[in-house]
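Encoded as C-alpha cells, the structure appears first; notes follow it.
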Amino acid sequence: MNFRNVDRRRFLKTTAIAGAGLAMPTIFTSASRAQEFCNMPTGGSVTFGFSVPLSGPYGDEGADQLRGYELAVQHLNGEGDGGMLNTFKGSVLKGNGVLGKKVEFVSGDSQALADAGRATSNRMIERDGAIMVTGSVSSAEAIAVQSLCSDKGIIYMAGLTHSNDTTGKDKRRNGFRHFFNAYMSGQALAPVIVDAYGADRRAYHITADYNWGWSQEESIVEATESLGWETAERVLTPLGTSDYSQWLTPVANSGADVLVLNHYGNDMANALTQAVQFGLRERQANGKNFEIVVPMFSDLNAQAAGDAVKDILGTANWMWKLEDEGTQAFVRSFGQAYGHPPSQSAHTGYVQALLYANACERAGTFNPEGVVEALEDFEFDGLGDGPTLYRGGDHQCFKQVLVVKGNEDPEDRFDIQDVFQVVDSEQILYEDDKWGGELGPIRSQC
Amino acid sequence: MDWLILQFLNGLDKGGAYALIALGLTLVFGTLGVVNFAHGALFMIGAFCAVVFSRLVRLETVTVDPERLSPWGTPLEVRTPVVELWLGDFGTFLVQYSVPLAILLAIPVMLLIGWAMERGLIRHFYKRTHAEQILVTFGLAIVLQEIVKASFGANAIPVYAPPAVSSSLNLSASLGIGTDIFYPWWRLIYLGSALLIIGLVIAFLQFTTYGMVIRAGMEDRQTVGFLGINIQKRFTVVFGIAAVVAGVAGVLYSPIVSPNYHLGMDFLVLSFVVVVVGGMGSIPGAVLAGFLLGIVESFASMAAVTRVLPAIDQVILYVVAIIVLLTLPRGLMGRKGVMEG
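Just so you know, the sequences run in chain order A and B. So our numbering is basically just the index in the first sequence, starting at one, shifted up by 575. So our numbering is basically just the index in the second sequence, starting at one, shifted up by 365.
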C-alpha cells in the first residue's frame, strides 16, 4: 500500500467514517443494556446475595444466619406462615416477593475472612447479578465486604458484626447494620455489673488481639471506669488460641477481683471454660467473690462452654426467649423449620433481609439511591427488638440491648441463658461522629 | 512465690502437651524418616474419640410429651440417657467417666488409623524428598480435618472431666504455702499422664528387645535388615504407637480445650518447633524441648513481661528456636547426620 497519496483531509475523513462505523454497534448495544443502577433486575425475579462463613471458627453461626436468610426469602415470597412479616410495624411488604418480583438467592462461604468475603461477594455481584449482599459473622469481613459493595454500587446489609468501626470510622453510605456494637455492650453492661458486683472493683481484661477485641475492650474499660472500676491489667491473646492457661494463671495474683473476657466464638468458649477450671470463680480477692464477665456472648458458643456459662453476665443483640410477638412469631417459624431455636445470628440476618426488601417496596425501586433514602432514619417495630431507629447519620440501628445471664438450672440443651435485663436504647445512644469516618456518596453504578 | 509455682506448673502442663505430640513426630521421623504433618490431625482425632464415646454413652431415648409444647409450638421431646435407664448407677459412672474410658476406644481406633495411613499412603513416600512428604501429609491433615468438620460441625464440642476431678486443687494446703494457689485437677492429671506415657514409650524402646531392634534400625536400617529382621514391619508398628500416643494425648486434652476440627493444626507447628529445638530424631531431645518451651512460653505470657516486651508471648518459641539453632545447629540433643543433606 502506498501512503504517499494520503493527504491530511482524506486521512481525517476516513478516520471519522471508520470511527463512526466502529462505534455504531456499541451505541445500539449500550442503549439496549442501559441500566439505571448496578444489577438492575429485568426479569420476573430478583437475586439476593448471602455471604456467610460456612467454614472456619464461625461456621455454625454462619450456617444459622443462612437459615435465617432462607426463611426470610420464603416469607417474602409468601411461603410458610409469614413469620415476622405479620408483626413488622412499618412494613409495606405484601408477601408477593419484592416489587412484584420473586426473590431468589445465591450464597457463598466467606470463611469469616476479609479476603474470602470480598471474593465471594464479588462473584455474587458480577456473576450472579446480586442486587444486594448481606451477611457476616466477623467485623473484619463485614468491613471489607461493605467497602466492596460500596465501590460496586450495591447495598450491603451487614450480618453479625460488633466492632464500633463498621458504622464508625469505616461506615459507608451503601452499608447498614442492624446488629449492636461494642460501645453499646459496654454502656448496657457496665451499670448492671457495677450494680451486681459493686463499684469498688479491679478488672483484669484478657482480649482477642484483633479489631473487634480492641474495640470491645476499649468500650467496656471506658464504661466501667466511668462508674468507678479500676483496670488492673489489659492482656492481648492471639485470635484462635485454644489454651489460655498461661494468661489465666497470672490473674489470680494480679490484685484483680473481676476477669473480663473480650473474646467471641470458640475463643470465648475456651477462655471461659478454662477460667472456671482454674477455680477463679471459687476465689476470694480483695475480700470479695471473684467474678467473670463476658461482654459479648455468642449464644451458639455458649453451648460449647457448657456449665462454665452458669451465672455469667454479658450482652446480646437478641434472644429467642423474649416474649414480644415478633420474637414469638420468628421462633415459631424457625423452630418448626429447623427443630431448634434461632440464634441471634439467624435473627439479625432474617431482619436485615426483611428491612432491605421493605425499603425497596417503600422506595418503589431497587435503585440504591432510593433504597438508602428509604432506610435512613426509618423507624420500625415488631421485629423482636422493640422500637428501632435506623439512624441516618451512621446507618446504625438503635434499639434495646439485652443483658443476659447464664442459666443456673437449665431445663434442656437450648436453655443456656436468660434475659437478665432489657436496656433501653436511650442508654446506649452516642453521637454519629464519635469514631470519625464519612458515609460518603451513595453509589449505584457498577 | 505463688505466681512462680503457678507459671511453672502451667509451663510443665503445656510442655507435657508439646512433648507428647513431639514424641510421636520424632518417633516417626527417627524410624521411617518421614516428616509427618498429619500428626496433629491424629491428636485431633483422638480428642474426637472422646467426643464420640461421650455421645455414645449419652445416647438418649426421645419420647414426645403431647401435653407440653416446645417454644415453637410442637409437642415437647423428652430425652433420657439410655445407659442410665438400663444400667442404673453403672450407667451414671459411664457417663461421668466418659473421658478416661474413651482411651479404651481411642487405642484401637488410632492403631487402625495409623496402620491405614502408613500402609495406604505414607509408605509410598519413604524414598521421596522431605518437601514431598510434607506436602502429602499436610494435604492428608486437611482432608482429615475437613472430614471431622463435615461430621461434627465447626464449633467446639464440650467434653467434661469426671465430676470428682473437675474442680481445682488447693495446692497451698498441700505445699504448706500461705497464699491460695488453685490449679485444675484435670491439668495435673494430664501432666501426670503425659509423664507416664513418655516414660512408657522410652522404657519400651530402651528396655525391651523389640525396642532395641527399633533403635538399632534407627541407627542402621540396612545392617538390621542383613540380620534377617523385617525392620519395615517394626517401623509400621512404631507408626501405630505414635498414632496411639497422639490419640491418647488428644483424649486426655479434650476436657482442657473443647475439641474442634482445627485443634491439630493449632499444635502442629509448635510441635515441629519443639522437634527441631530438641534435635531431629532425638526422643529425649523432643521431651526436653517440649517441657523447656512450655515453661518459657508460660513465663513469657506474664503481664509483667508483656508490658516490657509487647507480644513476646506470641513469638517467644520462635525466638528460642532461633537462639538454640544458632548456637546448637543440630538442636539440643540432635544426632549427627540427621537432616544434614
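Ideal Cβ positions, reconstructed from N, Cα and C, are used throughout, including at glycine. The model shown is predicted, which means the values in this text are computed figures rather than measured ones.
In this structure B/H495 is exposed. Its beta-carbon is surrounded by fewer than 16 other beta-carbon atoms within 10 angstroms. Here A/S682 is buried. Its C-beta has 16 or more other C-beta atoms within 10 Å. A/D635 has a beta carbon lying within less than 8 Å of a beta carbon in chain B. Taken through DSSP and simplified to helix, strand or coil, A/I867 comes out as strand. With a 10 Å radius around the Cβ and a threshold of 16 neighbouring Cβ atoms, B/Q587 comes out exposed. Residue burial annotation: B/F591 is exposed, with fewer than 16 other C-beta atoms found within 10 angstroms of its C-beta. In this model, A/D703 and A/T622 are separated by some 8 Å (Cα to Cα).
Residue burial annotation: A/T848 is buried, with at least 16 other C-beta atoms found within 10 angstroms of its C-beta.
Between the alpha carbons of A/V667 and A/Y772 lies a gap of roughly 46 Å. For A/V997, the enclosing beta strand (DSSP E) starts and ends at Q992 to V998. Apart from sequence neighbours up to five positions away, the residues of its chain that approach B/S532 with a beta-carbon distance below 7 Å are W550, ordered along the chain. The beta-carbon separation of B/V399 and B/I487, rounded to 6 Å, stays under the 8 Å limit for a contact. The secondary-structure analysis by DSSP pairs A/Q762 with nothing; it has no beta-bridge partner. Partner residues in the beta bridge of A/K677, as assigned by DSSP, are A/S620.
Within the DSSP secondary-structure output, A/D956 pairs in a beta bridge with A/K664. Judged by beta-carbon spacing, B/M409 lies beyond the 8 Å limit of B/L635, meaning their Cβ atoms are not closer than that value. Within the same chain, Cβ atoms closer than 6 Å to the Cβ of A/I700 are found at K727 and I729, the five residues on either side in sequence being excluded.
Excluding its 5 nearest sequence neighbours in each direction, B/T445 has C-beta neighbours in its own chain below 8 Å: E425, T426 and T428, listed in chain order. Taking a Cβ-Cβ cut-off of 7 Å, B/P649 has no neighbours in chain A, whose nearest Cβ is about 25 Å from it. Under the 8 Å Cβ criterion, the region 635-648 of chain B counts as touching the region 681-690 of chain B, having at least three qualifying pairs. The DSSP-derived three-state label of B/V464 is helix.
Going by DSSP, B/P440 is part of the beta strand (DSSP E) stretching over P440 to P446. When the Cα atoms are used, A/H838 and A/T890 turn out to be separated by approximately 12 Å.
Taking 8 Å as the threshold, the shortest C-beta distance from B/S558 to chain A does not fall below it. Contacts between A/F955 and chain B, judged by CB atoms closer than 7 Å, are missing: the closest CB pair is about 24 Å apart. In the structure shown, A/L834 falls within a strand segment according to DSSP collapsed to helix, strand and coil. Every unbroken stretch of the beta strand (DSSP E) spanning 3 or more residues and falling wholly within the region 535-609 of chain B is given here in chain order: 547-549.
Secondary structure within the region 709-736 of chain A: the alpha helix (DSSP H) runs of 4 or more consecutive residues, fully enclosed, are 714-727 (chain order). Three or more Cβ pairs drawn from the region 504-521 of chain B and the region 613-632 of chain B lie within less than 8 Å of each other, which places the two stretches in contact. Cα atoms of A/N845 and B/P523: separation of roughly 9 Å, rounded to the nearest angstrom. The alpha-carbon separation between A/T617 and A/S722 amounts to approximately 26 Å.
Cβ-Cβ separation between A/S685 and A/S714: approximately 12 Å, too far for a contact (criterion under 8 Å).
In the DSSP assignment, A/C972 forms a beta bridge with A/Y965.
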